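Here the protein sequences line up with chains A and B, keeping their order. All residue numbers for the first sequence refer to numbering that gives the first Met the number 0, where the first residue is 0 and numbers rise by one. All residue numbers for the second sequence refer to numbering that gives the first Met the number 0, where the first residue is 0 and numbers rise by one. Virtual Cβ for every residue (Gly too), placed ideally from N, Cα, C. Source: prediction; values computed, not measured.
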Amino acid sequence: MTRSQLSVWPDWAASTQPESTDRSLSGMLRFSPQFKQALEHLHTTDREAFAGLRAAIWYLDEHRRGALAPDVKWKLAQSGFGTNSGEIRWPNPECQAEHSRTAWRGLFVTNATGEWLLFTVLGNKAIHQAGSAAWYDINTAESDRIANDYHARFRLQNFPKA
Amino acid sequence: MSQHPDDWYGLEDLPDPDPDLYVAAKTRIMASHFLVALRENGGQSLQDIADRKGVTKAAVHQLENRPFDKIQVGNLLSYLRAIGYDVDAEWAAATLAAGLPEPTLS
Chain A
0 MTRSQLSVWP
10 DWAASTQPES
20 TDRSLSGMLR
30 FSPQFKQALE
40 HLHTTDREAF
50 AGLRAAIWYL
60 DEHRRGALAP
70 DVKWKLAQSG
80 FGTNSGEIRW
90 PNPECQAEHS
100 RTAWRGLFVT
110 NATGEWLLFT
120 VLGNKAIHQA
130 GSAAWYDINT
140 AESDRIANDY
150 HARFRLQNFP
160 KA
Chain B
0 MSQHPDDWYG
10 LEDLPDPDPD
20 LYVAAKTRIM
30 ASHFLVALRE
40 NGGQSLQDIA
50 DRKGVTKAAV
60 HQLENRPFDK
70 IQVGNLLSYL
80 RAIGYDVDAE
90 WAAATLAAGL
100 PEPTLS
């Protein structure tokens with residue numbers, strides 16, 4: 000990032016509306032029915048979390064593997080898709096102490112070249128009775144299954160092997 | 000448009016977030032991104048900064064991921080110096096003075 004690029008970064012904040020789908024990359028973001036329903040639930044019950052997750056989606060779309068903030072984490076250890084899997088997170092893990100009952104995780108799968116992003120499972124791991132590790136065990140397996148099902152239906156380009 | 004229950008959705012199918020909350024969230028994310036990008040742009044690792052500051056890697060990671068408005072000015076200056084920027088309190092004050100918007104309180 001050059002100094003001129005650094006000076007540009009505040010300009011994006013002038014936009015107060017979510018981006019349209021004009022960008023070619025944005026057209027390749029796909030959300031599972033469960034993911035969409037979970038977001039819609041948040042839209043009515045926790046507007047801050049909803050806005051935070053929408054911002055994380057925007058950030059992931061903009062930066063993909065160049066995402067450095069903790070709101071995006073690449074590579075889910077439990078996923079068969081390895082480095083082609085990841086999650087968006089809200090709240091920021093550094094703020095977790097202020098949100099004892101809220102730790103939203105939105106799982107995604109992509110391919111090496113990033114032509115598409117599948118958002119598969121969205122859930123609140125903080126309220127999972129069996130704990131965080133169990134939440135990942137269950138939901139990462141489900142995320143992998145959902146991604147494989149989508150590929151079986153729509154034959155995604157360069158689908159990674161799980 | 001009706002959707003089959005098994006259909007997937009695009010961004011256009013999602014509700015819009017509250018504009019103020021959305022901008023605040025994006026600001027926070029980009030502030031974290033900015034600090035990490037500064038460090039990585041200089042080819043430096045967490046360990047490099049930790050060694051220079053005499054702290055743990057975890058402490059540097061924590062600062063980079065802390066919400067920007069919760070970082071103390073002194074800690075930010077120390078971090079910037081550890082990356083290699085020649086900055087100090089006088090620079091911070093001068094930069095603030097030059098960049099402040101018009102006050103809103105009369």
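Express the C-alpha separation of residue j and residue i in angstroms, rounding to a whole number.
| i | j | result |
| --- | --- | --- |
| GLY113(A) | PRO32(A) | 21 Å |
| PRO100(B) | ALA91(B) | 16 Å |
| PRO90(A) | ALA68(A) | 12 Å |
| GLU141(A) | ALA132(A) | 14 Å |
| VAL54(B) | PHE30(A) | 42 Å |
| ALA41(B) | SER78(A) | Before going on, a small fix: residue 41(B) reads as Gly here, not Ala. Going by the C-alpha atoms only, they are around 32 Å apart. |
| LEU76(B) | ARG154(A) | 51 Å |
| GLU86(A) | PHE107(A) | 6 Å |
| ASP47(B) | ARG88(A) | 27 Å |
| VAL120(A) | PRO92(A) | 19 Å |
| ALA97(B) | ALA102(A) | 39 Å |
| ALA81(B) | ALA88(B) | 15 Å |
| HIS60(B) | LEU45(B) | 7 Å |
| ALA49(B) | ALA151(A) | 47 Å |
| VAL71(A) | ARG63(A) | 9 Å |
| VAL35(B) | GLU47(A) | 24 Å |
| ALA58(B) | ASP6(B) | 45 Å |
| ASP148(A) | GLY83(B) | 49 Å |
| THR44(A) | GLY105(A) | 17 Å |
| ALA93(B) | VAL86(B) | 11 Å |
| TRP73(A) | LEU10(B) | 21 Å |
| PHE158(A) | LEU95(B) | 49 Å |
Label residue i either buried or exposed according to how many other C-beta atoms from any shown protein chain fall within 10 Å of its C-beta, with 16 as the threshold for buried.
| i | result |
| --- | --- |
| SER99(A) | exposed |
| ILE145(A) | buried |
| LYS124(A) | buried |
| HIS40(A) | exposed |
| ASP10(A) | Low confidence applies to ASP10(A): its pLDDT is 46, below 50, so where it sits in the model is not reliable, and the reading given next is rough at best. It is exposed - the Cβ of ASP10(A) has fewer than 16 other Cβ atoms within 10 Å. |
| SER84(A) | buried |
| GLN156(A) | exposed |
| SER14(A) | Confidence is the limiting factor: at SER14(A) the pLDDT is only 43, short of 50, which leaves the residue's position unreliable and the question unanswerable from this model. |
| GLY81(A) | exposed |
| LYS25(B) | buried |
| ILE28(B) | buried |
| GLY65(A) | exposed |
| PRO102(B) | exposed |
In the DSSP output, which residue or residues are listed as bridge partners for residue i?
| i | result |
| --- | --- |
| ARG88(A) | ARG104(A) |
| TYR84(B) | Partner(s): none; TYR84(B) has no beta bridge. |
| THR109(A) | LEU116(A) |
| VAL71(A) | ILE87(A) |
| PHE246(A) | Only positions 0 to 161 of chain A appear in the structure, and residue 246(A) is not among them; the question remains open. |
| ASN123(A) | TRP103(A) |
Mind pulling the chain B residues with CB within less than 9 Å of residue i?
| i | result |
| --- | --- |
| PHE158(A) | None at all; the shortest Cβ gap to chain B is about 15 Å. |
| PHE107(A) | Those do not exist, as PHE107(A) stays about 13 Å from chain B at its closest Cβ, beyond 9 Å. |
| LEU155(A) | Neighbours of LEU155(A) on chain B: none; closest Cβ ~11 Å, over 9 Å. |
| ASN39(A) | Note on residue identity: the sequence assigns Glu, not Asn, to residue 39(A). By Cβ distance, chain B contributes LEU13, PRO14. |
If the cut is a Cβ gap below 8 Å, which residues of chain A does residue i touch?
| i | result |
| --- | --- |
| ASN64(B) | ALA68, PRO69, ASN91, PRO92, GLU93 |
| SER44(B) | Under the 8 Å cutoff, chain A gives no residues; its nearest Cβ is about 13 Å from SER44(B). |
| PRO16(B) | PRO17, HIS42, ARG46, PHE49, ALA50, ARG53, ALA54 |
| GLU101(B) | Those within 8 Å of GLU101(B) in chain A number zero; the least Cβ separation is about 17 Å. |
Less than 8 Å between the CB atoms is what I'm expecting for residue i and residue j, so what's the real figure, rounded?
| i | j | result |
| --- | --- | --- |
| SER31(B) | ASN64(B) | 6 Å |
| LEU75(A) | TYR135(A) | 7 Å |
| LEU13(B) | LYS160(A) | At roughly 30 Å, the Cβ-Cβ gap does not stay under 8 Å, so LEU13(B) and LYS160(A) are not in contact. |
| ALA50(A) | LEU20(B) | 4 Å |
| LEU28(A) | LEU116(A) | 5 Å |
| PRO66(B) | CYS94(A) | 7 Å |
Check whether the Cβ of residue i sits closer than 7 Å to any heavy atom of the ligand COA, and report yes or no.
| i | result |
| --- | --- |
| GLU114(A) | The ligand COA is not among the ligands present in this structure, which contains no ligands whatsoever. |
So residue i contacts chain B; which residues on that side make the cut at Cβ distance below 8 Å?
| i | result |
| --- | --- |
| LEU28(A) | GLY9, LEU10 |
| GLU114(A) | The contacting residues do not exist; GLU114(A) stays about 15 Å from chain B at best. |
| TYR149(A) | TRP7 |
Mind listing the chain B neighbours of residue i? Cutoff is C-beta to C-beta under 7 Å, in chain order.
| i | result |
| --- | --- |
| LYS72(A) | Simply none; closest approach about 11 Å. |
| SER78(A) | Correct list: empty, because the minimum Cβ distance to chain B is about 19 Å. |
| GLY51(A) | ALA24 |
| TRP57(A) | LYS25 |
| LYS35(A) | TYR8, ASP12, LEU13 |
| SER31(A) | TRP7 |
Going along chain A in order, which residues have a C-beta closer than 9 Å to the C-beta of residue i?
| i | result |
| --- | --- |
| GLN61(B) | GLU93 |
Which residues in chain A have a C-beta closer than 7 Å to the C-beta of residue i? List them in chain order.
| i | result |
| --- | --- |
| SER77(B) | Chain A residues near SER77(B): none, gap ~18 Å exceeds 7 Å. |
| LEU20(B) | ARG46, GLU47, ALA50 |
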